[in-house]
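Peer 1: Would you mind keeping the following structure in view while I ask a few things?
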Amino acid sequence: MTATLPDESELPPLRPPSADNGLVGVFRRRYLLKLLVRREISARYQGSFLGLLWSYINPLSQFFIYYAVVGLIFNLHDNIPNFAIHLYAGLTLVHFFTETFGRAPARSCATVLSS
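Note that this note's numbering has the sequence shown beginning at 95, numbered continuously upward.
Dropping the structure here:
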């Protein structure tokens, strides 16, 4: 069974980006965003023993390991004021970019070329 593509005359016209397609549009369709976030979270932690709790345990364990190794073993926590806050801020930034680019939908070259 093959899917047929609709004729270009049947498709709605393309609209340029505007205020109603930006954050205002996201806010208007927040129910859709809510559904997408729920689906992503349930799919991500579906087979996990700890489930959603794992998203809190992983960064906390990473923070304590970095604090023990860099702060206590290398003895850097004495030289840097508010070492734990700096470490937490750095880990938060790195974790944000890692999750953002690691979980972004990626298409293979074959999929893009065949489209």
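Positions of the beta carbon are idealized from the N, C-alpha and C atoms, including for glycine.
Can you list, in chain order, the residues of its chain with a C-beta nearer than 6 Å to that of ARG122? Leave out the 5 residues immediately preceding and following it.
Peer 2: Within the same chain, ARG122 has no close Cβ partners at all.
Peer 1: For the pair the segment 157-164 and the segment 178-188, tell me if three or more CB-CB distances fall below 8 Å.
Peer 2: They touch, by the three-pair rule.
Peer 1: Span of the alpha helix (DSSP H) holding ARG122?
Peer 2: 117-122 is the extent of the alpha helix (DSSP H) around ARG122.
Peer 1: Hey, quick one: how far does the alpha helix (DSSP H) through SER155 stretch, first residue to last?
Peer 2: Segment 148-160, the alpha helix (DSSP H) holding SER155.
Peer 1: If ILE135 and LEU146 are in contact, beta carbons under 8 Å, what's the gap, nearest whole angstrom?
Peer 2: The Cβ separation is near 7 Å, so the contact holds.
Peer 1: I need the straight-line Cα distance from PRO110 to LEU117, nearest angstrom please.
Peer 2: The alpha-carbon atoms of PRO110 and LEU117 are separated by roughly 15 Å.
Peer 1: CYS203: buried (16+ other C-beta within 10 angstroms of its C-beta) or exposed?
Peer 2: In this predicted model, CYS203 has a pLDDT of only 49, less than 50, meaning its place in the structure is not dependable; the value taken from the coordinates is given anyway. Exposed, because fewer than 16 other Cβ atoms sit within 10 Å of the Cβ of CYS203.
Peer 1: Where HIS171 and TYR161 are concerned, what is the direct C-alpha to C-alpha distance, given to the nearest angstrom?
Peer 2: Straight-line Cα distance between these residues: approximately 8 Å.
Peer 1: Excluding five sequence neighbours on each side, which residues of the same chain lie with their C-beta closer than 6 Å to the C-beta of TYR139?
Peer 2: If we look at TYR139 and ignore the five residues flanking it on each side, its Cβ neighbours are GLY145, LEU146.
Peer 1: Under 8 Å Cβ to Cβ from TYR233, same chain only, skipping five residues before and after it: list those, please.
Peer 2: Examination of residue 233 is not possible in this model, given that the chain is present from 95 through 209 alone.
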